[in-house]
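*Asks:* Sharing a structure here in structure tokens format.
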Amino acid sequence: MGKFSKKKGGELPPVSTASLPDIVFMLLFFFMVATVMRDTSLMIENRLPSADQIEKIEKDRSMFIYAGKPSAQYKNFGTEARLQINDKFASIENVQPAVQEARAGLRPELQDRLVVALKVDENTNAGLVSDVKQKLREINALKIMYITNVKKVE
Amino acid sequence: MAKRAAPEVNAGSMADIAFLLLIFFLVTTTVEKDKGILRSLPQIEPPSDDPVIIKQKNLFTVLLNKNDQLLVEEEQMQVKDLRKAAMEFLDNGGSTDASGNNCDYCQGAKDPSSSDHPDKAIITLQHDRETSYGKYIEVQNELVAAYNVLRNREAKRLYNTTFTKMLADKDDVYYQGDVDKLKERIDVIKKLFPLKLSEAEPKSN
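Line by line, the protein sequences are chains A and B.
According to my numbering, the first sequence is numbered sequentially starting from 1.
According to my numbering, the second sequence is numbered sequentially starting from 1.
Following this line, the structure appears as structure tokens:
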């Protein structure tokens, strides 16, 4: 009988929380590594086309130009495809100053190797893209990259 | 047997497990990197008096209309057949290049009505303003693929490697080998099949 009373009195030892910081740090590090920093928030729909003849982009010498239909929360801008540079909608006239600015911000030895990366929604009219390309030719920014998804080879 | 309070679990090794997992994720996670088709735009040429005359047989015309239909050399075609057609055109080698050399590495049909030499062969891609960008990239991809397949073939023949691998090695910091030699070889391959893919400005209507 004494045994039972002893059990009633003895409480479970508290769970050790000494390892909790480790777990938290582990998760923190994991998310730090796995998260891609998004430097611009997209205001347009951006479903990229797929291709398989692709190369990696070199982030240190590239700038991005986005294009596509304004997304649902920017409906008031209409349904016509628009350009987005950095964080705001841009018109075709804004392309050249933005590229010049991006070029000036690069390291000197990379300035003539600027790659303009075009992230364009696949349902956009190709005419808009060729307008952009024409503007880029005028300021001699000749290297472009059409950003695509990786197409799975059957 | 007497029941006792459970002894405290030793948490000393917890940190080790955490670090093990941390390192595992560090090694296996890849940061998503953008990829795409790298192309160079043509420079704006000052208007010259005498336009360069290119023989019709050295031109491979690809048209893409506003309904995303493909017209290759005046025949309608599906995108899946485009790569083969472009390769046949580039690899034809019917005649000589500008300095009179025969294309001795071409394995094509040597059809006199098709391109003379890979050095002279030009693919032009023309699209409509209302062509969808997705289709345009699809076509662009097939044309670049045609060049890459041929370049890979030549790299295989000359250096027993592939052009794609050579390019990858060039960017690899840990590449064990002579980088200058590699660059030289890449240039040789590029010269055998120079990428002459012109993009005319779109028709407006």
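All C-beta atoms in this analysis are idealised placements derived from N, C-alpha and C, irrespective of residue type, glycine included.
Indicate whether at least one CB of chain B lies closer than 9 Å to the CB of L142 of chain A.
*Replies:* So yes, L142 of chain A belongs to the interface.
*Asks:* For A67 of chain A versus T131 of chain B, is the C-beta distance shorter than 9 Å?
*Replies:* Against a cut-off of 9 Å, the Cβ pair of T131 of chain B and A67 of chain A comes out as no contact.
*Asks:* Assuming A98 of chain B and D68 of chain B make a contact with CB atoms under 8 Å, what is their CB distance in whole Å?
*Replies:* Incorrect: roughly 36 Å between the Cβ atoms, too far for contact.
*Asks:* If contact is defined by three or more beta carbon pairs under 8 Å, each pair taking one atom from either stretch, is the stretch 151-162 of chain B in contact with the stretch 192-199 of chain B?
*Replies:* They touch, by the three-pair rule.
*Asks:* I think V115 of chain A touches Y133 of chain B, with their Cβ atoms under 8 Å apart; what is that distance to the nearest whole Å?
*Replies:* That pair is no contact at about 19 Å.
*Asks:* Suppose contacts are defined by Cβ-Cβ distances below 9 Å. Is A121 of chain B in contact with S115 of chain B by that definition?
*Replies:* Yes; because the gap between Cβ atoms is below 9 Å, this pair is in contact.
*Asks:* Could you run through the stretch 160-176 of chain B and flag, in chain order, every residue whose CB is less than 7 Å away from some CB of chain A?
*Replies:* Cβ contacts with chain A: none found.
*Asks:* Whole alpha helix (DSSP H) runs in the stretch 75-115 of chain B with 4 or more residues, listed along the chain?
*Replies:* Complete alpha helix (DSSP H) runs here, min 4: 79-90.
*Asks:* Enumerate, from N- to C-terminal direction, the unbroken beta strand (DSSP E) stretches of 3 or more residues contained entirely within the stretch 15-87 of chain A.
*Replies:* As far as the stretch 15-87 of chain A is concerned, its whole beta strand (DSSP E) runs of at least 3 residues are 62-68 and 82-85.
*Asks:* Using the three-state DSSP reduction, which class does D121 of chain A fall into: helix, strand or coil?
*Replies:* In this structure, D121 of chain A counts as coil in the three-state DSSP scheme.
*Asks:* What span of residues does the beta strand (DSSP E) with G36 of chain B cover, start to end?
*Replies:* Unbroken beta strand (DSSP E) run through G36 of chain B: K35 to S40.
*Asks:* Which residues, in order along the stretch 116-140 of chain B, keep a beta-carbon less than 9 Å from a beta-carbon of chain A?
*Replies:* Answer in chain order: H127, D128, R129, E130, T131, S132, Y133, G134, K135, Y136, I137, E138 and Q140.
*Asks:* On a Cα-Cα basis, can you pick out the residue from A:K56, A:E101 and A:E93 that is closest to R39 of chain B?
*Replies:* Here the closest residue by C-alpha is A:K56.
*Asks:* Just verifying my parser: in three-state terms, what is the DSSP assignment at V116 of chain A?
*Replies:* V116 of chain A: strand per DSSP, three-state reduction.
*Asks:* Compare the C-beta of S40 of chain B against all C-beta atoms of chain A and say whether one is closer than 9 Å.
*Replies:* Interface residue, yes.
*Asks:* I'd like to confirm the pairing. Which residues does DSSP put opposite N67 of chain B in its beta bridges?
*Replies:* Paired residues: none, contrary to the question.
*Asks:* Pick out whichever of B:V72, B:E199 and B:E8 has its Cα sitting closest to the Cα of A18 of chain A.
*Replies:* Among B:V72, B:E199 and B:E8, the Cα nearest to that of A18 of chain A belongs to B:E8.
*Asks:* Can you list, in chain order, the residues of the stretch 73-105 of chain A whose Cβ is nearer than 7 Å to any Cβ on chain B?
*Replies:* Those would be none; no residue qualifies.
*Asks:* Below 8 Å on the Cβ atoms is my contact criterion, and I expect F64 of chain A with A117 of chain A to pass it. Report the Cβ-Cβ distance as a whole number of Å.
*Replies:* Their Cβ separation, rounded to whole angstroms, is 5 Å, which keeps F64 of chain A and A117 of chain A in contact under 8 Å.
*Asks:* Mind checking whether the beta-carbon of D81 of chain B lies closer than 8 Å to any heavy atom of the ligand FMN?
*Replies:* This structure lacks the ligand FMN, and indeed carries no ligand of any kind.
*Asks:* Beta carbon of K75 of chain A, beta carbon of E45 of chain A: below 9 Å?
*Replies:* In this structure, E45 of chain A does not lie closer than 9 Å to K75 of chain A by Cβ.
*Asks:* Tell me where the beta strand (DSSP E) around H161 of chain B begins and ends.
*Replies:* Per the sequence presented here, residue 161 of chain B reads as Thr, with His not at that position. Careful: T161 of chain B lies outside any beta strand (DSSP E) and carries neither H nor E.
*Asks:* Just checking: is the beta-carbon of Y66 of chain A within a distance shorter than 9 Å of some beta-carbon in chain B?
*Replies:* For Y66 of chain A, the answer is no, since every Cβ of chain B falls outside 9 Å of its Cβ.
*Asks:* State the DSSP-derived secondary structure class of L150 of chain B, mapped to helix, strand or coil.
*Replies:* Note: L150 of chain B maps to helix in three-state DSSP.
*Asks:* According to the neighbour-count rule (16 or more other Cβ atoms, all chains shown, within 10 Å of its Cβ), is S62 of chain A buried or exposed?
*Replies:* When all chains shown are included, S62 of chain A counts as buried.
*Asks:* Does the distance from the C-beta atom of L209 of chain B to that of V79 of chain B stay below 9 Å?
*Replies:* Residue coverage of chain B in this structure runs from 1 to 205, which leaves residue 209 of chain B outside it and unanswerable.
*Asks:* For N94 of chain A, name the three-state secondary structure that DSSP assigns.
*Replies:* Three-state DSSP puts N94 of chain A in a helix.
*Asks:* For N92 of chain B, which residues from the same chain have a beta carbon less than 7 Å from its beta carbon, with the 5 sequence-adjacent residues on both sides left out?
*Replies:* Result list for N92 of chain B: C106, G108, A109, K110, D111, S114 and S115, in chain order.
*Asks:* When DSSP labels each residue in this structure, what does K170 of chain B get in the three-state scheme?
*Replies:* Here K170 of chain B sits in helix by DSSP.
*Asks:* Quick one: grab the DSSP three-state call for K57 of chain B.
*Replies:* Here K57 of chain B sits in helix by DSSP.
*Asks:* Just how far apart, CA to CA, sit N205 of chain B and L128 of chain A?
*Replies:* Confidence at N205 of chain B is low in this model, with a pLDDT of 47, below 50, so the placement of that residue should be treated as unreliable; the coordinate-derived value is given next. For N205 of chain B and L128 of chain A, the distance between alpha carbons rounds to 14 Å.
*Asks:* Quick one: give me the first and last residue of the beta strand (DSSP E) that I160 of chain A is part of.
*Replies:* With chain A represented from 1 up to 154, any question about residue 160 of chain A goes unanswered, as that position is not in the structure.
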